[in-house]
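Numbering (full-length UniProt numbering), first residue to last: 1 to 183.
For glycine and all other residues, C-beta sits at the position ideal for the given N, C-alpha and C.
Following: one structure in structure tokens, then a few remarks.
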């Protein structure tokens, strides 16, 4: 692939199909979306993490253990207070005073990170069957983090229920009206 295609532009030579032999202008690609930018940044960070291992780990050697180590490594940069079992504020969502409990990565941030890395892995030629970001061990880890943070912070994570569609309600009322008219 040429370097101009990798940079997101296409440059052509003069074309006889254009009037006056005019050169084609480079095609400008729209800037990446916020999601795509974050995915690219996350992928580069993970790649750097693998290169910094002793010995360095290639992407083909990467497995779910490397992903788990990466997630634990990221915890040191977290901003979410997660109270320890012995803390007097354990289970309180809004503690009245500061404590010495550690700051961690929030469960939602880790969950979103894994989703982006899972997609990036496949975009970079990895097979879905061998995706280290999609293994059961990663799902178990995320579930444990979610439960631990839920208890420690006193904030239950609950699934949002889908709203029932209004069409069903309208349909039921309409059929009752027809039944009433028929009788």
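Classification of residue i by the beta-carbon crowding that lies within 10 angstroms, buried from 16 upward
{"i": "residue 192", "result": "Residue 192 cannot be examined here, being either before or after the span of the chain that is shown, 1 to 183."}
{"i": "residue 103", "result": "exposed"}
{"i": "residue 121", "result": "buried"}
{"i": "residue 83", "result": "buried"}
{"i": "residue 149", "result": "buried"}
{"i": "residue 61", "result": "exposed"}
{"i": "residue 143", "result": "exposed"}
{"i": "residue 152", "result": "buried"}
{"i": "residue 105", "result": "buried"}
{"i": "residue 51", "result": "exposed"}
{"i": "residue 7", "result": "The predicted position of residue 7 is uncertain, since its pLDDT is 40 and thus under 50; a value taken from the coordinates is nonetheless stated next. By the 10 Å Cβ count, residue 7 comes out exposed."}
Secondary structure of residue i, DSSP reduced to three states
{"i": "residue 162", "result": "coil"}
{"i": "residue 68", "result": "helix"}
{"i": "residue 59", "result": "helix"}
{"i": "residue 103", "result": "strand"}
Run of the alpha helix (DSSP H) containing residue i, from where it starts to where it stops
{"i": "residue 42", "result": "34–51"}
{"i": "residue 148", "result": "136–153"}
{"i": "residue 117", "result": "107–123"}
Spatial neighbours of residue i in its chain, beta-carbon cut-off 8 angstroms, leaving aside the 5 residues before and after
{"i": "residue 130", "result": "none"}
{"i": "residue 47", "result": "59"}
{"i": "residue 40", "result": "32, 120"}
{"i": "residue 124", "result": "43, 59"}
{"i": "residue 73", "result": "49"}
{"i": "residue 141", "result": "68, 71"}
Other residues of its chain near residue i: CB distance less than 7 angstroms, five sequence neighbours each side excluded
{"i": "residue 81", "result": "101, 103"}
{"i": "residue 67", "result": "132, 133, 138"}
{"i": "residue 34", "result": "none"}
{"i": "residue 180", "result": "Confidence is the limiting factor: at residue 180 the pLDDT is only 47, short of 50, which leaves the residue's position unreliable and the question unanswerable from this model."}
{"i": "residue 70", "result": "46, 49"}
{"i": "residue 145", "result": "107, 110"}
{"i": "residue 135", "result": "64"}
{"i": "residue 118", "result": "131, 133, 134"}
{"i": "residue 116", "result": "38, 39, 42"}
Own chain residues within Cβ distance below 6 angstroms of residue i, not counting five before or after
{"i": "residue 91", "result": "154"}
{"i": "residue 95", "result": "89"}
Minimum Cβ-Cβ distance from residue i to chain D less than 8 angstroms
{"i": "residue 74", "result": "In the structure shown, chain D does not exist; there is a single protein chain."}
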